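The structure appears below as structure tokens.
Residue numbers (this note's numbering): 578 to 1006.
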């Protein structure tokens, strides 16, 4: 179906229809995969639509068109990873420019921003995006770019995209939103005023844990052309076969994101009621500090849940091994359910002080809730949580003579080596 016909349709329809019936050679319903690295010229002066696949490829361009339509943008660039997408956007900054970013962003993003700023690529200011005086701080800082990650990884805090975009206009700053956690089916940052959206397409867009890819979608043709130029020159564009797989994955995104969200909501409610859980982070819960904003800004709340348990190092090691359906692994957004320990896995690249400022504790657990049967997932989770009571813990006596559990806190020094990843592996995207 042509882009013109897709423009006014619902995102769910766009996800299914994008790229279909685009084969003008043999009229195949599903577009073929063009793995060619180069394309023939008619003459030396007549450049074809495609010449070299780093700069343009028919299969990759179909995915870019789909993402453009899904995010309601003016153009998209498909990259080799989510981190490549982030790095690509940073090419728009000069050494004199200031980037403002949230303290509680993804560990790999934090590491990249910090490393490039230290080399003089741009000026970097970390802010608490939940502070009462955030607007004042943004205006005083006068940044050229404001980076948003909403919901945040892994604490699931939200930022009011529309409001930040209004503040950004006062200082002529571009607003970039990492929309990985919700996908275009769950949230529409460009419609709320953002200038750029980035994705780790590895996650919900592809949805099957078998492709590493990213994307940058721009609200204006001018920004898109700049991003596209840098993508070709830095060589960060994605592979054709990966693009085909993601385009195929997007066709089931509407039903997947719905099931992810329904399962995550149920999981969050179970966690909230369990005696061994002290904190639950999920925007769909009425108790979440940003719940009202979530209802305004989201169509779905997504499949990510994080929570804290009152346990020490050995108990957490034992806890994550009790699961049968949640795999201990990084990444997220696949059909299968995953569990991870952010402080020592996805955010291990952040030092202790940065983790503290981000609110990442040693007791924090993150779930990527899959699309398995909800009841099976809940049973697996409850069995693991109940097992915490089976681990031997030190006891003390209350003043009334009753026995209580005195659990030691898990510190960075206390973490078991079996749970900790090296910094080189910790920022996989």
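Every residue, glycine too, gets a C-beta built ideally from N, C-alpha and C.
Note that the structure is a prediction, hence the values are computed from the model and not measured.
Neighbourhood of residue 843 by C-beta distance below 7 angstroms, restricted to the same chain and skipping five residues each side = Working through the chain shown from its first residue, we reach residue 843 at position 266. Same-chain partners within the cutoff: 951, 955.
When DSSP labels each residue in this structure, what does residue 808 get in the three-state scheme?
-> Start at 1 with the first residue of the chain shown, and residue 808 comes out as number 231. Helix.
The alpha helix (DSSP H) enclosing residue 1051, as first and last residue numbers = Any property of residue 1051 remains undetermined from this structure, which presents the chain solely from 578 to 1006.
Return helix, strand or coil for residue 654, following the three-state DSSP convention.
-> Taking the chain shown and counting its residues from 1, the one referred to as residue 654 is at position 77. Of the three classes helix, strand and coil, the one that applies to residue 654 here is strand, per DSSP.
Between the beta-carbon of residue 710 and the beta-carbon of residue 680, is there less than 9 angstroms?
-> As a working note, residue 710 is residue 133 in the chain shown. As a working note, residue 680 is residue 103 in the chain shown. Not in contact: residue 710 and residue 680 (Cβ atoms no closer than 9 angstroms).
Taking the continuous alpha helix (DSSP H) assigned at residue 820, which residues delimit it?
-> By one-based count along the chain shown, residue 820 stands at place 243. Note, residue 820: alpha helix (DSSP H), 817-827.
Please go through the same chain and pick out, in chain order, the residues whose beta-carbon is closer than 8 angstroms to the beta-carbon of residue 698, but skip the five residues on each side of it.
-> For this step, residue 698 is matched to residue 121 along the chain shown. Once the five neighbours on either side are set aside, the close Cβ partners of residue 698 are 667, 670, 672.
Give the C-beta separation of residue 752 and residue 772 to the nearest angstrom, bearing in mind that I take them to be a contact with Cβ-Cβ under 8 angstroms.
-> Here residue 752 refers to the residue found at position 175 of the chain shown. Here residue 772 refers to the residue found at position 195 of the chain shown. 5 angstroms between Cβ atoms; contact.
Would you mind giving the Cβ-Cβ distance between residue 643 and residue 654, rounded to the nearest angstrom? I have them listed as a contact below 8 angstroms.
-> Indexing the chain shown from 1 puts residue 643 at position 66. Indexing the chain shown from 1 puts residue 654 at position 77. Contact flag wrong, Cβ pair sits at about 13 angstroms.
Is residue 819 closer than 9 angstroms to residue 775 when the C-beta atoms are compared?
-> Within the chain shown, residue 775 is the residue found at index 198, counting from 1. Within the chain shown, residue 819 is the residue found at index 242, counting from 1. Contact flag unset, no.
Own chain residues within Cβ distance below 6 angstroms of residue 777, not counting five before or after | Stepping through the chain shown from its first residue, residue 777 is reached at position 200. 659, 757, 791, 1006.
Pick helix, strand or coil for residue 881, following the three-state DSSP scheme.
-> Here residue 881 refers to the residue found at position 304 of the chain shown. Reduced to three states, the DSSP call for residue 881 is strand.
Cα-Cα separation between residue 585 and residue 941, rounded to whole angstroms = What you label residue 585 is simply residue 8 of the chain shown in a count that begins at 1. What you label residue 941 is simply residue 364 of the chain shown in a count that begins at 1. Answer to the nearest angstrom: the Cα atoms are 42 angstroms apart.
Take the Cβ of residue 601 as the centre, count every other Cβ of all protein chains shown within 10 Å, and call the residue buried at 16 or more, exposed below.
-> Taking the chain shown and counting its residues from 1, the one referred to as residue 601 is at position 24. Exposed, since its Cβ has fewer than 16 Cβ neighbours within 10 Å.
Please report how far the alpha carbon of residue 814 lies from the alpha carbon of residue 590, in whole angstroms.
-> As a first step, residue 814 must be located in the chain shown, where it is residue number 237. As a first step, residue 590 must be located in the chain shown, where it is residue number 13. Answer to the nearest angstrom: the Cα atoms are 27 angstroms apart.
Straight-line Cα distance separating residue 620 from residue 781 = Position 204 of the chain shown, counted from the start, is the residue given in the question as residue 781. Position 43 of the chain shown, counted from the start, is the residue given in the question as residue 620. In a straight line, the C-alpha of residue 781 is about 43 angstroms away from that of residue 620.
Determine the direct distance from the alpha carbon of residue 923 to that of residue 832, and round the result to whole angstroms.
-> The residue given as residue 832 occupies position 255 in the chain shown. The residue given as residue 923 occupies position 346 in the chain shown. Cα to Cα, residue 832 sits roughly 27 angstroms from residue 923.
Can you give, in chain order, each stretch of the alpha helix (DSSP H) that sits fully within the stretch 747-779 and has at least 4 residues?
-> 760-763
Whose CA, out of 682, 943, 741, 886, lies closest to the CA of residue 934?
-> Along the chain shown, one-based indexing puts residue 934 at 357. Minimum Cα distance to residue 934 is reached at 682.
Which first and last residues belong to the alpha helix (DSSP H) in which residue 637 is found?
-> In the chain shown, counting from the first residue as 1, residue 637 sits at position 60. Residues 635-647.
Between 850, 949, 926, 797, which lies nearest to residue 685 when the distance is taken from Cα to Cα?
-> What you label residue 685 is simply residue 108 of the chain shown in a count that begins at 1. Ranking the options by Cα distance to residue 685, first place goes to 926.
Thinking just about the alpha-carbon of each residue, which of 616, 652, 803, 623 is nearest to the one in residue 796?
-> For the purposes of this step, residue 796 is taken as the residue at position 219 of the chain shown. For residue 796, the nearest C-alpha among the options comes from 652.
In terms of residues, what are the limits of the beta strand (DSSP E) holding residue 945?
-> Reading the chain shown from its first residue, position 368 is the one you call residue 945. Per DSSP, residue 945 belongs to the beta strand (DSSP E) from 941-945.
Euclidean distance between Cα positions of residue 876 and residue 594 | Position 299 of the chain shown, counted from the first residue, corresponds to residue 876. Position 17 of the chain shown, counted from the first residue, corresponds to residue 594. Cα to Cα, the separation comes out at about 20 angstroms.
Do you know whose CA, among 856, 812, 946, lies nearest residue 732's CA?
-> On the chain shown, position 155 is the one that residue 732 refers to. Ranking 856, 812, 946 by Cα distance to residue 732 puts 856 first.
Between the Cα of residue 786 and the Cα atoms of 945, 806, 959, 610, which residue gives the shortest distance?
-> Taking the first residue of the chain shown as 1, we reach residue 786 at position 209. For residue 786, the nearest C-alpha among the options comes from 945.
How many Å lie between residue 869 and residue 847 at the Cα?
-> As a first step, residue 869 is located in the chain shown; it is residue number 292 there, counting from the start. As a first step, residue 847 is located in the chain shown; it is residue number 270 there, counting from the start. Distance between the alpha carbons of residue 869 and residue 847 is about 21 angstroms.
Own chain partners of residue 853 with C-beta closer than 8 angstroms, once the 5 adjacent residues on each side are dropped | Mapped onto the chain shown, residue 853 falls at position 276. Around residue 853: 886, 887, 888, 962, 963, 965, 966.
Under the rule that 16 or more other beta-carbon atoms within 10 Å means buried, what is residue 587, buried or exposed?
-> As a first step, residue 587 must be located in the chain shown, where it is residue number 10. Residue 587 is exposed by the Cβ-count criterion.
Determine the contact status of residue 911 and residue 784, defining contact as a CB-CB distance below 9 angstroms.
-> Counting from one through the chain shown, the residue named residue 911 turns up at place 334. Counting from one through the chain shown, the residue named residue 784 turns up at place 207. In contact: residue 911 and residue 784 (Cβ atoms closer than 9 angstroms).
In whole angstroms, what is the alpha-carbon distance linking residue 947 and residue 899?
-> For the purposes of this step, residue 947 is taken as the residue at position 370 of the chain shown. For the purposes of this step, residue 899 is taken as the residue at position 322 of the chain shown. Roughly 18 angstroms separates the two Cα atoms.
Three-way DSSP call (helix, strand, coil) for residue 586 in this model | Counted from its first residue, the chain shown places residue 586 at position 9. Note: residue 586 maps to coil in three-state DSSP.
If you compare alpha carbons, which of 617, 599, 836, 636 is closest to residue 611?
-> The count along the chain shown starts at 1 and reaches residue 611 at position 34. Comparing Cα-Cα distances from residue 611 to each of 617, 599, 836, 636, the minimum goes to 636.
Apply the 10 Å Cβ neighbour rule to residue 603 and answer buried if 16 or more other Cβ atoms are within range, or exposed otherwise.
-> Within the chain shown, the letter at position 26 stands for residue 603. So residue 603 ends up on the exposed side.
How far does the beta strand (DSSP E) with residue 839 in it reach, from first residue to last?
-> Translated into the one-based positions of the chain shown, residue 839 becomes position 262. It is not in any beta strand (DSSP E) - residue 839 instead sits in the alpha helix (DSSP H) that spans 830-850.
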